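Participant: The listed protein sequences correspond, in order, to chains Y and X.
Just so we're aligned, residue 1 is where the first sequence starts under this note's numbering, counting upward by one.
Just so we're aligned, residue 1001 is where the second sequence starts under this note's numbering, counting upward by one.
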Amino acid sequence: MNSPELFIHIVLLLGLAPLVSGCIRNWKAKLQNRRGPPVWQPYLDLEKFFRKDMVISENASWLFRAVPFVLFSSTILAGLLVPLISVAAPLSMFGGVLALVGLLALGRFFLALGGLDPGSAFGGMGSSREMTLSAIAEPALMLAVFTVAIGARSTDLSQMLMAAQGPTWKLFNPAHVLAFAALFIVLLAETGRIPVDNPATHLELTMIHEAMILEYSGRYLALIEWSASIKQLVLMALLVNIFFPVGIAPIQSSAGALGFSLACLLAKLMALGAAVVLVETTNAKLRLFRVPDLLSAAFILAALALLSTFLFQ
Amino acid sequence: MTTLYDPARILAALQPAFADLTDRFGSRIQAIEAPRPNEVYLQVQMDLVSGLCAQLYRKWQARLVSVFADDVREAAGVFHVYYVLALDAAQGFFVLRVPLTPEQGKVVSLANALPAVNWQEREIQDLFGIPLGGHPNPRRCALHDDWPEVHPLRKDFDVKTALPPFQGERHKFRKVEGEGVFQVPVGPVHAGIIEPGHFLFSVAGEPVLYLQIRLFYTHKGTEKLFENLPVSHGVRLAESISGDSSFAHATAFCHAIERASGIEAPPRARALRTVCLELERLYNHIADIGAIATDVAFVVANAHAMRLKETVLRLNGQLTGNRLLRGMACPGGVRFDWTTEQIKTISNFVRDLMPEFDSLVTLISESSSTRDRLETTGILTPKTARDLGVTGLAGRASGFNGDLRRDFPHTAYDQVQFTVPVYQEGDVLRRMQVRIDEVRQSLSIIEQVLARLPQGPVQVKVPDLHPGAVALGYVEGWRGEIFHWIRAAGPQRLARCKIKDPSLQNWPALSEAILGNIIPDFPVVNKSFNLSYSGTDR
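1) Would you please verify whether the beta carbon of X/I1514 is less than 8 Å from any beta carbon of chain Y?
2) Would a check of beta-carbon distances place X/R1431 closer than 8 Å to chain Y?
3) When you compare each of X/L1153, X/N1322, X/D1071 to X/P1099 by their alpha carbons, which one comes out closest?
4) Around the C-beta of X/V1189, are 16 or more other C-beta atoms found within 10 angstroms, so that it is buried, or is it exposed?
5) Give a yes or no on contact between the stretch 1064-1082 of chain X and the stretch 1483-1499 of chain X, applying the rule of three or more CB pairs nearer than 8 Å.
6) Given that a residue counts as buried once 16 or more other Cβ atoms are within 10 Å of its Cβ, and exposed if not, what is Y/P4?
7) Can you give the Cα-Cα distance for X/G1133 and X/F1247, rounded to whole angstroms?
8) Report the residue from X/K1220, X/T1381, X/G1092 whose alpha carbon sits nearest the alpha carbon of X/K1160.
9) Give me the Cβ distance between X/W1507 and X/L1215, rounded to the nearest whole Å; I'm assuming they're in contact under 8 Å.
10) Let me know the secondary structure DSSP gives X/E1278 once reduced to three states.
11) What is the rounded straight-line gap between the Cα of X/K1155 and the Cα of X/Q1030?
12) With H, G and I counted as helix, E and B as strand and the rest as coil, what does DSSP make of Y/H202?
13) Check the Cβ of X/F1522 against every Cβ in chain Y and list those closer than 7 Å, keeping chain order.
14) Just the chain A side, please: which residues come within less than 7 Å of X/I1518 by C-beta, in chain order?
15) Please say whether X/R1373 and X/V1208 have beta carbons closer to each other than 8 Å?
16) Between the C-alpha atoms of X/Y1041 and X/H1233, what's the straight-line distance to the nearest angstrom?
17) From what residue to what residue does the alpha helix (DSSP H) around Y/A163 run?
18) Output yes if chain Y places a C-beta closer than 8 Å to the C-beta of X/P1508; else output no.
19) For chain Y, find out if any of its Cβ atoms is closer than 8 Å to the Cβ of X/V1189; answer yes or no.
20) Identify each residue in the stretch 167-198 of chain Y for which the Cβ-Cβ distance to at least one residue of chain X is less than 8 Å, and report them in chain order.
21) If you run the structure through DSSP and keep just helix, strand and coil, what is X/E1179?
22) Is the beta carbon of X/Q1183 less than 8 Å from the beta carbon of X/L1211?
23) Look at the alpha carbon of Y/P195 and the alpha carbon of Y/T201, and state the distance between them as a whole number of angstroms.
24) Label Y/V240 either buried or exposed according to how many other C-beta atoms from any shown protein chain fall within 10 Å of its C-beta, with 16 as the threshold for buried.
25) Could you tell me the boundaries of the beta strand (DSSP E) in which X/G1092 lies?
26) Which chain Y residues are close to X/E1177, counting only those with a beta carbon under 7 Å from its beta carbon?
27) Please list, in chain order, all residues of the same chain as Y/P37 whose beta carbon is under 8 Å from its beta carbon, the five residues on each side excluded.
28) Kindly indicate the opening and closing residues of the alpha helix (DSSP H) around X/E1494.
29) Considering only residues of the same chain and omitting the five flanking positions on each side of X/T1002, which have a CB-CB separation below 6 Å?
30) Tell me, please, whether the CB atom of X/E1169 is closer than 8 Å to any CB atom in chain Y?
31) Since X/H1080 and X/R1058 are thought to touch, with beta carbons under 8 Å apart, how far apart are those beta carbons, to the nearest angstrom?
32) Any beta carbon from chain X within less than 8 Å of Y/N241's own beta carbon?
33) Take every Cβ of the stretch 1374-1381 of chain X, pair it with every Cβ of the stretch 1511-1530 of chain X, and state whether three or more of those distances are shorter than 8 Å.
34) Helix, strand or coil for X/W1485, going by three-state DSSP, please let me know.
35) So Y/G218 and Y/F49 are in contact, right, with Cβ under 8 Å, and what is the actual spacing, rounded?
36) Quick one: list the residues of chain Y neighbouring X/A1204, beta-carbon separation under 9 Å, in chain order.
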C-alpha cells in the first residue's frame, strides 16, 4: 500500500459518504411523490454545521467534547480496514474483521456515553436503546462475515477479497446468500434505518440514534453526522465487496483499472442503496420490543450461513 | 316551584324523564324554565345536584357534558353554576342551575363519582374563585400555580387589567418512586410545529407507569373576550378557538345565538353548513390518518394523505375564500351562497375523492407492519372512556355510541342517512378506523345534501337578543361534540359565552390509554386522539 492509494481511500471515505446518504434521502422522497432535497444536501448540511456556533449543556463534561473526535477517528480507521476500490485495504496489515467490528463498537460506546453525559432524558433513552440493540446486531455481523472468512481461510478483508476473486468462488453459494441477508438486516439496524429506527423523525420519544445526538450542535454535530454516513458507507462497501467482488482492482493496478473499479463500486452502492430505500418505503417502523426479534432473525441467518459453509464444502 | 315557561312545550321524548324528576324531587326544584323544547332548566340548591345527576345518569343514561359558572352577582347577587346533562335517547338537555352566594357558596365536587368533570370543576374554582369542596385533587388547573389570586371571569375583573410579573409557586408534579423508575419530561415546547403542553412520563425502562399532562399554557381568556364583543365579531373569535375546528366552533356559536333569539337558519343555509362541517371533517380525518402513518414511519401513506388533504383545502378555498372555511359562518345562516357551478365542483370532487381515498386505505390496510404497530396500542377501555366521559371519535372507538349529528340533529343532518361507527377495542387502529369510516360517511352525506339542495335564501336577519336570554348551541365537530352556551347582555352583546371543546373532555383519557405501553409508542397514541391545545386552554 503506497501513499497515493491511501490518499484516494481516505478521500473516497470522506467525500463519498455524504453522497450516499443524500442519494438515499432523495430517492426516498421520489418514491413518496415528493421532490426531496438534492443529493448533495448532506454536504451543505455539513458545511452549515461547521459554520455554526455550538450550544453545549452546562452539565456536560470533557467526555461530551471528546466523543465526536473518538467517533470520527474510530470510524475512519474502520473504513481503512475495508477495501473500497482496490483489494488491498490501506490498514489491512493491522487487522481484519474483528478489528473492524471492534472499532465500530468503540465509536458506538463513546457515542452512547455522549448521549448519557449531559444527563438529558432523551439522550439516556437513546443510549440505552442503542446498546440493547447492538448487543444482538454485533454478533450477527461477526458471524455473517466469518462465513465468508471461513471460505477464504482468513479474517483479513483483503485476503477474503482475493479469495473471492479466485477461481473456486461461487457467487450464489447458499452460505453467502444467507450471510448476505443477515448482513443486510444488520446494515439497516446499524445505520438507523426503518424498520429499526427512523432517521427522518422529529419525535424524540421514538428515536434511537438521533436521541443520542440531540444535545450536539455545530462542529461536533457535523463530525457525528459525518461519522454516521462514513459508517454507513463502510458497511455498505463491506456488503457489496465481499459478496459481489466484481471489478475490484487487484494490488498495484493502473489508474484505469482503479477508475473502472470505482465505477463498479458506485454501481453496486447504488443498487444496495436502492434496496435500502425500498425497504424503508414499504415498511413501517417496528415496535421497539420487536426489533430484537428482527435482529435475532439476522443472527440465526448468520448462524445458518456459518453452518452451511461446512455442509456445502 | 315557579314555572316560567309552559311545561307542555317540553319535547315529548323528554317528558318521561321530566315527570320522573318532578315526582321525585318536585318540591325541591325551585324553578323550571323551558326556553326551547329540548333545553330544560331546573333551578336547584347545591345539595340536590348529586342526587339529580345520579338519577339522570342511572335511570335516563344522561351524560354530564358541561359544568360551568356564570357571574350574575350584579342582578341576582349570586353566582350561577350550571350542569348540562345530555339525554341522547330523548334528544334533549336538562340544565341544572345552582345559585351560590359569593360569601358561603361552595361547589360540591362530583369528581369522585364522575371523573369526567375533574378539570371543569377546577376551572370554575380558578376562574370564578368559587371554592371547591370534596374534590380529590383541588389544585390549580386553568390558571397555573404561579398566577396571583385573581379570578378573570368575574364581572369585576377588567379584561385590560395588567397583572404584575408572576412570582407564585411552581407546579409540583406527583412523584413516582421505585427502583429503576425515572422521569422523562417532554415539552411544554415540542419539536414539531405544535402548541405547548407538558408531559411528564414516569417510566421503568420503556413501559410507562404514569403520565401527567399539564395544559393551559395557551389560556387566552377567550370566554372573557366574548363578553366585550358584539355578536357579529364573536363569530370571528369563535373561529379561532381551535384552528382545525374553525367552522364547527363558529357554527356552534351561531347556533346558540339563533336559539337564543328564537329563529332558525333557512333550509339552504343549513344544507350549506352541513357540507362545510363535513368538509372540515374530511380534511382533518384524512390528515390524521396520514399523520398516524407517519408516527409509525410509514411515510408513503402520509404523502398520499397530505395530497388528498390539500385538495380538500383548495376546494374549501374555492368555495369560501378561506382554506380553513373561515368567514363562511354567520348568525342566521351562512355568508355566501354557492353557484350551480360551485355545487357541481363539489359533486365532482366528492366523486373523484372516493376512489383516491379507497386506495389510501388499501395502502395502509395492506401494510402488515403498520397494522402490527397500531393494533392493541394505546387501548382505552370502554369503561374508562365512560368514566372520563370521552366523546367524539375517540369515544366511538371505545364503545361510546353517540354522535350529535344523529342524536341531536342540527343543521341538515335530519335530512340524510348515515351510520355512526362504534368499536369496542379502543386502540389506535380503531381510532383510525373510526376516521376511515367517517370519511366515507362524510362523502356520502355531502352527496345526499347536494342531491336535494333546497332553494331559497341563505341568511335571515337575527332579531335583537333579549337581555338575559340563555341558549345552548351544539355541533358535532370532527373531533367530537362542541357546546357553546350563551347568556345575552343586550341586543347585540353577550354577558357570558361558555365554550366546551371535546379536547377538554378527552385529554385525561390520554393518560389512561398510554399506561402499560412503551414510551416510543406515545406519539402515535397521542396522534390517534389528536386533541386541541388551544380548544382546551381557551
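Glycine residues also receive a C-beta, built at the ideal position from the N, C-alpha and C atoms.
Please read these numbers as outputs of a predicted model, since none were measured by experiment.
Facilitator: Per the coordinate set shown:
1) Indexing the second sequence from 1 puts residue 1514 of chain X at position 514. For X/I1514, the answer is no, since every Cβ of chain Y falls outside 8 Å of its Cβ.
2) The sequence position of residue 1431 of chain X within the second sequence is 431, counting from 1. So no, X/R1431 is outside the interface.
3) The sequence position of residue 1099 of chain X within the second sequence is 99, counting from 1. Of the listed residues, the one whose Cα sits closest to X/P1099 is X/D1071.
4) For the purposes of this step, residue 1189 of chain X is taken as residue 189 along the second sequence, with counting starting at 1. So X/V1189 counts as exposed.
5) yes
6) As a first step, residue 4 of chain Y must be located in the first sequence, where it is residue number 4. Burial call: exposed.
7) Sequence index remark: in the second sequence, residue 1133 of chain X carries index 133 (1-based). Sequence index remark: in the second sequence, residue 1247 of chain X carries index 247 (1-based). Spanning the two alpha carbons is a distance of roughly 37 Å.
8) Residue 1160 of chain X sits at position 160 when you count from the first residue of the second sequence. The shortest C-alpha separation from X/K1160 is found at X/K1220.
9) Counted from its first residue, the second sequence places residue 1507 of chain X at position 507. Counted from its first residue, the second sequence places residue 1215 of chain X at position 215. At roughly 6 Å, the Cβ-Cβ gap stays under 8 Å, so X/W1507 and X/L1215 are in contact.
10) Counting from 1 along the second sequence, the entry for residue 1278 of chain X is found at position 278. It is helical.
11) Here the question's residue 1155 of chain X lines up with position 155 in the second sequence. Here the question's residue 1030 of chain X lines up with position 30 in the second sequence. For X/K1155 and X/Q1030, the distance between alpha carbons rounds to 25 Å.
12) The count along the first sequence starts at 1 and reaches residue 202 of chain Y at position 202. Reduced to three states, the DSSP call for Y/H202 is coil.
13) Here residue 1522 of chain X is taken as the residue at index 522 of the second sequence, counted from 1. By Cβ distance, chain Y contributes L205.
14) Here the protein chains are Y and X, and chain A is not one of them.
15) The residue labelled residue 1208 of chain X in the question sits at position 208 within the second sequence. The residue labelled residue 1373 of chain X in the question sits at position 373 within the second sequence. Going by C-beta atoms, X/V1208 is not nearer than 8 Å to X/R1373.
16) What you label residue 1041 of chain X is simply residue 41 of the second sequence in a count that begins at 1. What you label residue 1233 of chain X is simply residue 233 of the second sequence in a count that begins at 1. The alpha-carbon atoms of X/Y1041 and X/H1233 are separated by roughly 28 Å.
17) One-based indexing of the first sequence puts residue 163 of chain Y at position 163. Where Y/A163 is concerned, the enclosing alpha helix (DSSP H) stretches over 157-165.
18) If you number the second sequence from 1, residue 1508 of chain X lands on position 508. No, X/P1508 lies away from the interface with chain Y (no Cβ there is under 8 Å from its Cβ).
19) As a first step, residue 1189 of chain X must be located in the second sequence, where it is residue number 189. Chain Y, which has no Cβ nearer than 8 Å to the Cβ of X/V1189, makes this no.
20) I194, P195, N198
21) Start at 1 with the first residue of the second sequence, and residue 1179 of chain X comes out as number 179. In this structure, X/E1179 counts as coil in the three-state DSSP scheme.
22) Here the question's residue 1183 of chain X lines up with position 183 in the second sequence. Here the question's residue 1211 of chain X lines up with position 211 in the second sequence. No.
23) Counting from one through the first sequence, the residue named residue 195 of chain Y turns up at place 195. Counting from one through the first sequence, the residue named residue 201 of chain Y turns up at place 201. One C-alpha to the other measures close to 13 Å.
24) Translated into positions along the first sequence, residue 240 of chain Y becomes position 240. The residue is buried, with at least 16 neighbouring Cβ atoms inside 10 Å.
25) For the purposes of this step, residue 1092 of chain X is identified with residue 92 of the second sequence, where counting begins at 1. X/G1092 -> beta strand (DSSP E) spans 1092-1100.
26) Counting from one through the second sequence, the residue named residue 1177 of chain X turns up at place 177. The premise fails here: X/E1177 is roughly 17 Å from chain Y at the closest Cβ pair, so nothing lies under 7 Å.
27) Mapped onto the first sequence, residue 37 of chain Y falls at position 37. Contacts found: G22, R25, N26, A29.
28) Here the question's residue 1494 of chain X lines up with position 494 in the second sequence. Sequence inspection shows Leu at residue 1494 of chain X; the Glu mentioned does not correspond to that position. X/L1494 -> not in any alpha helix (DSSP H); beta strand (DSSP E) instead, spanning 1493-1500.
29) Reading the second sequence from its first residue, position 2 is the one you call residue 1002 of chain X. Caution is warranted here: a pLDDT of 49 is assigned to X/T1002, below 50, making its placement in the model unreliable, and no coordinate value can be reported.
30) Counting from one through the second sequence, the residue named residue 1169 of chain X turns up at place 169. No, because no Cβ of chain Y sits closer than 8 Å to the Cβ of X/E1169.
31) For the purposes of this step, residue 1080 of chain X is identified with residue 80 of the second sequence, where counting begins at 1. For the purposes of this step, residue 1058 of chain X is identified with residue 58 of the second sequence, where counting begins at 1. That belief does not hold up - the Cβ atoms of X/H1080 and X/R1058 are roughly 26 Å apart, past 8 Å.
32) Looking up residue 241 of chain Y in the first sequence gives position 241. With 8 Å as the cut-off, Y/N241 does not count as an interface residue toward chain X.
33) yes
34) Taking the first residue of the second sequence as position 1, residue 1485 of chain X is located at position 485. If DSSP states are grouped into helix, strand and coil, X/W1485 belongs with the strands.
35) As a working note, residue 218 of chain Y is residue 218 in the first sequence. As a working note, residue 49 of chain Y is residue 49 in the first sequence. Right, the Cβ-Cβ distance comes to about 6 Å (below 8 Å), so this counts as a contact.
36) As a first step, residue 1204 of chain X must be located in the second sequence, where it is residue number 204. What X/A1204 touches in chain Y: nothing, since even the nearest Cβ is about 12 Å away.
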